[in-house]
Amino acid sequence: MTLTEKSGHLAWCALVALALARQNGDALSPAQENLFLTRWLAGKLDYLWLSCSGELAEQNDLFRLTYALETAKDMSWTYRLLNDREWSGRYAVALNGAVNGVYLSRSNLDVAFDDNGYQVNPLMAQLTGNVGSVMKLLNCCGWQAEPESDVSLPH
């Protein structure tokens, strides 16, 4: 992805975030839109700065997980957040063991971290493909993946 494409993607993300803020009633006037975009951009710039210049081990758990997942995506891994219906049960998404993928449960992710980004509950993930390489990446980011003891899955 070129720098221009990355810049375009950042702009697209900002426009989507603004549209969602409008839908939620958080940006009803031009002044509120400016304030929302300023705060949104400040958060994204802070993340970029910390991920490029900060010591990863000093960051909170959610930051390190986000960094690991972004790195995995840069390495052509599939990353998806699955809703409860997609995660388990009759309508669960069928995962392809030949595809390098990281899949997280959205509802589990929501309760796994506190407001400060520290892990307070186990985080369930399903890994497919070359699991060893993503486990190494997670370890480098201060995470350790452990198989669930009561599940007999190949991944």
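Just so we're aligned: the sequence shown equals residues 1 to 155 in full-length UniProt numbering. Think of the CB as a built atom: it goes at the ideal place given N, C-alpha and C, for glycine as much as any other residue.
Chain-order list of residues whose beta-carbon lies under 8 Å from that of residue 119 (same chain, five-residue window excluded) = 61, 62, 112, 113
Starting from the C-beta of residue 57, find all residues in its chain whose C-beta is less than 7 Å away, skip the five residues before and the five after it, and write them out in chain order.
-> 142
Selected residue, minimal CA-CA separation from residue 86, among 147, 40, 106 | 106
Rounded to whole angstroms, how far is the Cβ of residue 40 from the Cβ of residue 19, which I believe are closer than 8 Å?
-> Rounded, the Cβ-Cβ distance is 12 Å, inconsistent with contact.
Under a three-way DSSP split, which group does residue 80 fall into?
-> strand
Just mark residue 38 as buried or exposed, buried being the case when its beta carbon has 16 or more other beta carbons within 10 Å.
-> exposed
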